[in-house]
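Engineer: Would you mind keeping the following structure in view while I ask a few things?
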């Protein structure tokens with residue numbers, strides 16, 4: 148296994164740890180519910196803003212626990228969290244929702260902050 152593959156495995160393990168952390172389950176569920184509502188509302192901006200606010204809080208919690216994720220993602224950690232939630236929600240929906248369109252809407256949100264998370 149090369150260095151890149153080892154780092155990818157460490158990142159995947161870090162994401163799995165924070166996703167499975169018992170005390171973060173409610174936050175992940177809240178994020179999923181808010182994104183689901185936003186999708187149901189045809190990606191309404193107000194719904195996406197509420198989702199972004201919750202994702203930012205979850206990203207702050209993740210940064211406190213798993214130093215590899217903020218070190219790797221830097222100011223994009225909230226977007227990484229949003230992407231993880233997006234993947235889960237779209238898989239659960241089993242619909243033909245275009246993930247690129249939803250991701251594009253998320254990437255354009257000012258409320259999904261790009262500055263460094265609070266560690």
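In our numbering, the protein residues as written are 148 to 266.
The beta carbon of each residue, even a glycine, is placed where N, CA and C say it ideally should be.
(1) Flag this pair as yes or no: are the beta carbons of residue 216 and residue 161 separated by less than 8 angstroms?
(2) Looking at the secondary structure, which residues open and close the alpha helix (DSSP H) in which residue 179 lies?
(3) If you pair each beta-carbon of the region 190-205 with each one of the region 169-181, do three or more pairs fall below 8 angstroms?
(4) Can you confirm whether residue 239, when its beta carbon is compared against all beta carbons of chain C, has any partner nearer than 8 angstroms?
(5) Entirely within the region 199-252 and at least 4 residues each: give me those alpha helix (DSSP H) ranges in chain order.
(6) Take residue 235 and list the residues in its own chain whose beta-carbon comes closer than 7 angstroms to its own, dropping the five residues that flank it on each side.
Structural biologist: Quick answer:
(1) Residue mapping note: residue 216 aligns to position 69 of the chain shown, counting from 1. Residue mapping note: residue 161 aligns to position 14 of the chain shown, counting from 1. Contact flag set, yes.
(2) By 1-based counting over the chain shown, the position of residue 179 is 32. Element bounds for residue 179: 172-187.
(3) yes
(4) No chain C appears in this structure, which consists of one protein chain only.
(5) 215-220, 224-240
(6) For the purposes of this step, residue 235 is taken as the residue at position 88 of the chain shown. Within the same chain, residue 235 has close Cβ partners 179.
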